[in-house]
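**Q** Provided herewith is a single structure, encoded as structure tokens, for subsequent inquiry.
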Amino acid sequence: MPDLPTPQDATEAALFAECWDAVLSYADLCTVGPESAGHLASEAFAAGLREAREAGTGPGAARRPARLPRVPLLLVAVRTTAAAWEEAGRGDGLDPDLRLWLNSEHAARYSGPPLGRPVALRGLRDMQEPDAALLWLTEVEALPPHVVARKLGLDPATVSDELAQVRALFRDRCRRNHLDTPMDARCRSYARLLDAVHRSPAADMPGDLSRHLATCVPCAEAAACLRPHGGGLPAALAGGVLGWGGLAYLERRRRAAEARLAAHPDADTDTGPVRPGAQKARMVRGALLVTAVLVSGLALAVSMTQGGSSAGARAADGDLTERRPAVDPTVSLPVTAATRPAREAPRPSAGASRSTNAAPRDPDPEPQGTTSPTARPDTPRPPASATPSCTAVYDLVNEWADGFQAIVTVTTDRPLDGWSVAWSFRDGQRVGQMWDADYVQNGPSVTASAADYNKSVAAGGKITFGFLGSWRGANSPARDLTLDGRPCTLKTG
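And the structure:
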């Protein structure tokens, strides 16, 4: 292993101690073996330290130029160092799937014009660094609140309230960045509609907007960041900031956090000294939130006045279901429990790109998780009755090396005011991110429940929702599907 970077002072030494494990974990995902991972992590850490030093000593240092917080800054350095390896002809030490991704148009999004980069990356960079660190450490690194409070010098009694404010501020940043993104007229009309729907919790999700999100990657990324509920924020952050391997990294960090908590349940309970700048960040955040509320109200009024023209544009588009799949397999879209498969070549499919953002091999010694972050072990499967009262179609829209996209459509013979659709997987598949429904998973059993905007269904009406998942070895369709505990006649598409 090469020599590790030498910290210049106590602050950099603390940075190394705090972040090296995360950097090495992501570097291991990006390479073919431990030796290559060590070299990549060391080079990336040194590059990240240089960037942090330059940002802290340059002409604009007093103005605190916008940048990512410590951990994601160094993780991005891993990705950019890997790209430099590939460009310099040293790519033989990198994971083959990563090399494909680095030479695809998807990698160009992260190094191209700033307005074309993922909204999660832009939103996190636009925040005050202490606020961005609070969001990342909680959502992606999966650290307990009291540990995050100690690291950032916050009051453990109020860290949950501060996190709620930071999430709201992040959504506002992503909303603005999405509206500022260059896009065609069709996406522009849906962007205004998406903005209005997520500002009003009581608003229904229009069917054409739902279909558009199932076929447009940038708009689906924005929707994952704007959605106030549903548990997709961790994957939106990891995928938007890291790109390739973001989902696998997220799963690794969750397993590592669970292992540390199990081994040392009483550790890291001290609050530590308050980090300089934390109080200032709280004051700035409060002012920004007040401003965001005022601007949001004005923008909502404008979007509602333009509703007629937007509706016409959407109607002209017709049915979009024949377009490309909701999430290109090369994009790390919001999946919160991506499991890494054994190494194998990507499976070709009609809708899949040759390059994948699938998680590569997993020699990681960290404990293997068995449930999704949203799973509740005590969630029982509803009892099934004998007479089918519904029909369901499980449509496997797309499949790639270790992931897939599916849409479930259930037709009910009775009116519903709230619903719950449950099924089981035969081959241990894991649901990552779901849209138009909330979900929990316990082992092979998955339960999807209605969102606020689609809980009412008339007799003969349809329930439709989609999800992304990961698989290993085999990917058989869902089985034993029920609606509110009653079995459905299940068809596969």
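So the sequence shown is numbered by the working numbering: it starts at -16 and just counts up by one.
Beta carbons: idealized from backbone N, C-alpha and C, even for Gly.
Quick caveat: nothing in here was measured; it's all calculated off a predicted structure.
(1) Please identify the residue among Gly468, Cys170, Asp419, Ala116 whose C-alpha is closest to the C-alpha of Met188.
(2) Can you find at least 3 beta carbon pairs, one from the stretch 397 to 407 and one from the stretch 460 to 468, that sit closer than 8 Å?
(3) Report the rounded CA-to-CA distance for Gln412 versus Leu126, giving the unit in angstroms.
(4) If you follow the alpha helix (DSSP H) that Asn160 is part of, which residue opens it and which one closes it?
(5) Find out if the Cβ-Cβ distance for the pair Thr164, Val102 is shorter than 9 Å.
(6) May I ask you to report which of helix, strand or coil DSSP gives Gly4?
(7) Is it buried or exposed for Pro113, if we count other Cβ within 10 angstroms and need 16 for buried?
(8) If you follow the alpha helix (DSSP H) that Leu170 is in, where does it begin and where does it stop?
(9) Rounded to whole angstroms, what's the CA-CA distance from Gly16 to Leu7? Just pull it up for me.
(10) From Arg62 to Asp144, what distance separates their C-alpha atoms?
(11) Could you spell out where the alpha helix (DSSP H) holding Ala203 opens and where it closes?
(12) Check each candidate in Gly386, Lys438, Ala442 and name the one with the smallest Cα separation from Cys373.
(13) If you reduce the DSSP assignment to three classes, tell me which class Glu124 lands in.
(14) Which word fits Glu69, buried or exposed, when buried means at least 16 other C-beta atoms lie within 10 angstroms of its C-beta?
(15) From His129 to Ser453, what does the alpha carbon distance come to, in whole angstroms?
(16) Taking 9 Å as the cut-off, decide whether the C-beta atoms of Thr472 and Asp378 are in contact.
(17) Would you list the residues sitting across from Leu388 in a DSSP beta bridge?
(18) Under a Cβ-count criterion, where at least 16 other Cβ atoms within 10 Å of its own Cβ denotes burial, should Arg156 be classed as buried or exposed?
(19) Measuring only the C-alpha atoms, how far is Val123 from Gly226?
(20) State yes or no: is the beta carbon of Ala60 nearer than 9 Å to at least one beta carbon in chain C?
(21) Please return the same chain residues whose Cβ sits closer than 8 Å to the Cβ of Arg397, not counting the five positions on each side in sequence.
(22) With DSSP as the reference, label Gly476 as helix, strand or coil.
(23) Can you confirm whether the stretch 71 to 85 touches the stretch 169 to 183 when touching is taken to mean that 3 or more C-beta pairs between the two stretches lie within less than 8 Å?
(24) Need the endpoints of the beta strand (DSSP E) that Ser459 sits in, please.
(25) Going by the DSSP bridge assignment, what does Ser193 pair with across the sheet?
(26) Between Gly136, Leu120, Ala206, which lies nearest to Arg237 when the distance is taken from Cα to Cα?
(27) In three-state terms, what does DSSP make of Ala431?
(28) Identify, in the order they occur along the chain, each residue of the same chain with its Cβ nearer than 8 Å to the Cβ of Met110, setting aside the five sequence neighbours on each side.
(29) Compare the beta carbon distance of Val393 and Thr447 with 9 Å and say whether it is the shorter of the two.
(30) Using three-state DSSP, classify Leu137 as helix, strand or coil.
(31) Taking Cβ to Cβ, would you say Gly228 is nearer than 9 Å to Tyr93?
(32) Out of Leu77, Arg100, Asp78, which one is the CA nearest neighbour of Glu88?
(33) Look up Pro101 in the DSSP assignment and say whether it is helix, strand or coil.
(34) In terms of residue numbering, what span does the beta strand (DSSP E) encompassing Val59 cover?
(35) Candidates Gly76, Leu51, Ala66: which alpha carbon is nearest Glu18's?
(36) Let me know if Ser439 comes out buried or exposed under the rule of 16 or more other beta-carbons within 10 Å of its beta-carbon.
**A** Result, derived from the coordinates:
(1) Asp419
(2) yes
(3) 26 Å
(4) 142 to 163
(5) yes
(6) Here residue 4 is Asp; the residue named in the question, Gly, does not match the sequence. In this structure, Asp4 counts as helix in the three-state DSSP scheme.
(7) buried
(8) Checking the displayed sequence, the identity of residue 170 turns out to be Cys instead of Leu. Here the alpha helix (DSSP H) through Cys170 covers 168 to 182.
(9) 12 Å
(10) 33 Å
(11) 200 to 209
(12) Ala442
(13) coil
(14) buried
(15) 32 Å
(16) no
(17) Checking the sequence shown, residue 388 turns out to be Gln, not Leu. According to DSSP, Gln388 bridges with Asn381, Leu451.
(18) buried
(19) 14 Å
(20) The structure shown has no chain C; it contains just one protein chain.
(21) Ser372, Ala442
(22) coil
(23) no
(24) Where Ser459 is concerned, there is no enclosing beta strand (DSSP E), given that its DSSP letter is neither H nor E.
(25) Paired residue(s): none; Ser193 is not in a bridge.
(26) Leu120
(27) strand
(28) Leu118, Val149, Leu152, Phe153, Arg156
(29) yes
(30) coil
(31) no
(32) Arg100
(33) coil
(34) Looking at the DSSP string, Val59 is not in any beta strand (DSSP E); the run it does join, the alpha helix (DSSP H), is 53 to 70.
(35) Gly76
(36) exposed
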